[in-house]
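Here's the structure, in structure tokens; my notes come after.
What follows is the structure, encoded as structure tokens:
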């Protein structure tokens, strides 16, 4: 997570916009996609909430 909010990500992202940088077909740029990490964090949070609800039901039973 620190990478995506830090200077390294910004530097890497800017580098991909330069003409001499390989295209996504030549070199994957997937690590620079903020949506991928955001989606996984959201999914992780939703699963954690579900587990808390299940645990609460088990304790109340």
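In the working numbering, the protein residues as written are 14 to 74.
C-beta atoms are modelled at their ideal positions from N, C-alpha and C, and glycine is treated no differently.
Is the CB-CB distance between residue 50 and residue 17 below 7 Å?
yes
When you compare the CB positions of residue 40 and residue 26, do they come within less than 7 Å of one another, or not?
no
Neighbourhood of residue 29 by C-beta distance below 7 Å, restricted to the same chain and skipping five residues each side:
42, 45
Euclidean distance between Cα positions of residue 70 and residue 56:
21 Å
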